[in-house]
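Residue numbers (our numbering): 3 to 195. Where a beta carbon is used, it is the ideal one built from N, C-alpha and C, also for glycine. Since the model is a prediction, treat every value here as computed from it, not as a measurement. Data first, discussion second: the structure below is written as structure tokens.
As structure tokens, this is what we get:
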């Protein structure tokens, strides 16, 4: 664990706004060879995540786990305590407000992931944000600058855009629309500064 404060983490994202969204060991290898400074782990198992987080930290990168996508782990109070004490990521990502709240209490950076599919999802997202009080919010799909602008005006948190971003122009559009950073699984975008 790098033990980054929210301010240090957001400063890192300002300097290096492209986040590697990793779903496989092969993608992790590419991310560790790239200039990205933050890695989102969107797959994995409690069996190997501690070693994976150590590798990420040994490379001086921040690593955050998507709680909802980890095999062998229930994102309840005991599971989150296990993550904080044994796996030791810098933070977590989740669509579940209760998990975000518990992770905050465990001292982890927290990102509330919200799928903006319609206006009711925006309303639900605001309610989730009030309930969970995350450090940041990730909005999907990140390919829509209009949705990013809307979310940035509604959520009082630094915003990460993710989902369906596959071209440099889409990264730039998301940043211009108000995203602090962009998460992408496209290795060819990880070299963007």
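Residue 186 sits away from residue 8, with the two beta carbons spaced by 8 angstroms or more.
By the Cβ test, the stretch 112-129 is in contact with the stretch 149-159, since at least three Cβ pairs between them sit closer than 8 angstroms. Contact holds between the stretch 94-101 and the stretch 50-70, because three or more Cβ pairs, one in each stretch, are under 8 angstroms apart.
In the structure shown, residue 42 adopts extended strand secondary structure according to DSSP, grouped into three states. By the Cβ criterion, the stretch 80-94 is in contact with the stretch 106-116, since at least three pairs of Cβ atoms, one from each stretch, lie closer than 8 angstroms. Excluding sequence positions up to five before and after residue 149, its CB lies within less than 8 angstroms of the CB of 118, 141 and 143, all in the same chain and listed in chain order. Here residue 147 has 175 and 179 as same chain residues with Cβ atoms under 6 angstroms from its own Cβ, once five neighbours each way along the sequence are excluded. In the three-state DSSP reduction, residue 155 falls in the helix class (H, G or I). Look at residue 182 here: in three-state DSSP terms it is coil, with no helix or strand label. Residue ranges of uninterrupted beta strand (DSSP E) with 3 or more members, entirely inside the stretch 107-142 and ordered along the chain, are 111-117 and 138-142. Taking each of 23, 151, 171 and 51 in turn and checking the Cα distance to residue 181, the smallest one comes out for 151. The C-alpha of residue 6 is placed about 23 angstroms away from the C-alpha of residue 194. Fully enclosed alpha helix (DSSP H) runs of no fewer than 4 residues occupy 51-60 and 79-84 of the stretch 49-87, in order along the chain. In the three-state scheme derived from DSSP, where H, G and I count as helix and E and B as strand, residue 167 is classed as coil. Assignment of beta-bridge partners to residue 94 by DSSP yields 67 and 112.
As computed with DSSP, residue 47 is found in a beta bridge with 73. Here the alpha carbon of residue 16 sits roughly 15 angstroms from the alpha carbon of residue 41. Within the same chain, Cβ atoms closer than 7 angstroms to the Cβ of residue 82 are found at 101, 104, 105 and 108, the five residues on either side in sequence being excluded.
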